[in-house]
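Report on the structure given below.
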Amino acid sequence: MRLSRIVIVVLLTLMSTHVLAQEKPGAKNVKAVRFGKLWDAKGKVWTNAIVLVDSGKIRAVTTDASAIPVGAETIDLSKYTGLPGLIDVHTHMTMYAEEARGLPLLKQITDTPPAMEVFLARKGAMRTLEAGVTTVRDLSAEGYMDIAMRDLINSGEMIGPRMFVSGYGLYATQTPTKKEAAIPGAVFADGVPEVLRAVRQQIAAGTDLIKMYASTGTDDDVTGFQTYTFEEIKAAVSIAHQFGKKIAIHSYGPDGAREATIQEMARRGTFYVPTIDHNRYYIDNGDKIGYALGYKERLQAFIPRNLETPRKAFKAGVKIAMGSDAIYTMFGENTRELGWFVKAGMTPEQALRTATTNAAELLGKERELGAVAPGYVADLVAVEGDPLSDIKVALNNVKWVMKDGTVVVDHRENTGSSRGP
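If you're matching positions, the sequence shown starts at 75 in this note's numbering and goes up one per residue.
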């Protein structure tokens, strides 16, 4: 009798161990996200897709409900279409402003102390996430505020998109002798030696990339005069590459849009970030920003020319990535650029690629970001409608956002989240 009891206890122990094994290690940390449709940016549209998320990464994409581990949390987004987290490769996250403060937006940027500006910038960061943008490339900031903001987000002390930052942007001298320039985020460098020094300074500060302003043109200024020589630009590119950093070149004007230049960009695989919609934003908000009279006419005349260049570049096979140039109160409007890309001749899917696979490749993160696939970072967006037939769906109907496996935005009327048995 005693031996029988021992055998029964052993059998029960083995059965219990077997049941635990069925749960799979870490099953309680797994999230199973269900989408009615899923565009994975890998060439497939899934129906009734299930994305298994584990420790901030995508473990699997499947339609097989039996693949969901016992004990996993299930998030029901079956009413929505899933997309990869979107990427905006031209922002100015630390140059946040708001109308409620009662000052011209530009004056807020120039007068606000750095610590206060970083604190306020958390609002723009949240609005950026609400637009479905989970990663940004930030292109110039005063006082290395962008590095501070990047690190605060990475450490979990601030909620916001993943940031790749450039520190100060390089400018050629453009002020009279003995007069200080009031250009936020600018470091002035003339000639090859100074350019090399300035690039090295940004790298030493801990930036992810370099930004160089190689022409005039920004805000209400639509001129496009080249400010850096070929030798200076080449020096900046060479030293940046030597340190394993990419470089973004600011370029307005006809020289950057010549047919020969476009063909050479296509041949070399150089990325083009058009930033068309920011001109629309400046027209809508120029009085609040503090622009002088005449800005609307200049910008309205510039937009058609600005649109024609990406149209030509797209036809020529140039790689295009989405960049909003978001600044002031523009955060949350980041993806409106995609609508202009459709006007330039792209299909909605091609436009979405500029904010996913293309943008990830520009960042050198094409195996981590910009797609929904095993091993990729768990950045997911749910939209109401079909963005592959109407790009406005991606612009206006973002309902839910996950970044690094954590839900950061949830604007659904009825949430659907449960823990499996």
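Glycine included, each C-beta is placed from N, C-alpha and C at the ideal position.
- If you look at ASN103, you'll find it isn't in any alpha helix (DSSP H); DSSP assigns it neither H nor E.
- Its chain contains PRO143, VAL144, GLY145 and ALA146 as the residues whose beta carbon lies nearer than 7 Å to that of ALA101, once the 5 sequence neighbours on both sides are disregarded; these appear in chain order.
- According to the DSSP assignment, ILE321 belongs to the beta strand (DSSP E) that extends over 320 to 324.
- Annotation: the continuous alpha helix (DSSP H) that includes GLU371 extends over 369 to 390.
- Taken in chain order, the stretch 294 to 320 contains no complete beta strand (DSSP E) segment of 3 residues or longer.
- Under the DSSP assignment, ALA195 falls in the alpha helix (DSSP H) whose first and last residues are 188 to 204.
- For MET167, the enclosing beta strand (DSSP E) starts and ends at 160 to 170.
- Bounds of the alpha helix (DSSP H) holding ASN470 are 466 to 470.
- If you look at ASN408, you'll find it isn't in any alpha helix (DSSP H); DSSP assigns it neither H nor E.
- Taking C-beta atoms as the reference points, ILE132 and VAL207 fail to come closer than 8 Å.
- Residues of the same chain with a CB within less than 7 Å of the CB of ALA134, apart from the 5 flanking positions on each side, are LEU126, ALA141 and PRO448 in chain order.
- Its chain contains LEU112 as the residues whose beta carbon lies nearer than 6 Å to that of TRP120, once the 5 sequence neighbours on both sides are disregarded; these appear in chain order.
- Comparing alpha carbon positions, the residue from ASP114, SER129 and TYR154 closest to ARG486 is TYR154.
- Counting only residues of its own chain and dropping the five nearest sequence neighbours on each side, GLN337 has a CB closer than 7 Å to the CB of ALA390.
- A Cβ-Cβ separation of about 17 Å leaves LEU194 out of contact with TYR218 under the 8 Å criterion.
- Counting the other CB atoms within 10 Å of its CB gives LEU426 a total of 16 or more, which places it among the buried residues.
- Nearest C-alpha to MET339 among ALA222, VAL392 and LYS370: VAL392.
- 8 Å or more divides the Cβ of LEU373 from the Cβ of ALA309.
- The shortest C-alpha to C-alpha distance from ASN103 to any of ASP114, ILE149, PHE299 and ALA456 is the one to ILE149.
- With distances taken between CA atoms, LEU469 lies nearest to ALA205 out of ILE221, ALA205 and LYS118.
- Around LEU180, the same chain offers ILE363 and GLY364 as residues with beta carbons nearer than 7 Å, after the five sequence neighbours per side are excluded.
- Residues of the same chain with a CB within less than 6 Å of the CB of ASP484, apart from the 5 flanking positions on each side, are TRP474 in chain order.
- By the Cβ-count criterion, ASP138 is exposed, with fewer than 16 other Cβ atoms from all chains shown falling within 10 Å of its own Cβ.
- Take GLY291, set aside five residues on each side of it, and the residues of its chain with a beta-carbon closer than 7 Å to its own are THR297, GLY298, TYR326 and GLY327, in chain order.
- Residue range 480 to 484 is occupied by the beta strand (DSSP E) that includes VAL483.
- With respect to the 8 Å criterion, VAL482 and GLY156 are not classified as neighbours on the basis of their beta carbons.
- In this structure SER463 is exposed. Its beta-carbon is surrounded by fewer than 16 other beta-carbon atoms within 10 angstroms.
- Contact check for PHE405 against ARG211 fails: the beta carbons are separated by 8 Å or more.
- The secondary-structure analysis by DSSP pairs ALA278 with nothing; it has no beta-bridge partner.
- The straight-line gap separating the alpha-carbon atoms of VAL107 and ARG441 is approximately 21 Å.
- In the three-state reduction of the DSSP assignment, GLU147 falls in the strand class, which pools E and B.
- DSSP places SER289 within a strand segment (E or B) once states are collapsed to three.
- VAL457 sits in a strand when the DSSP states are folded into three classes.
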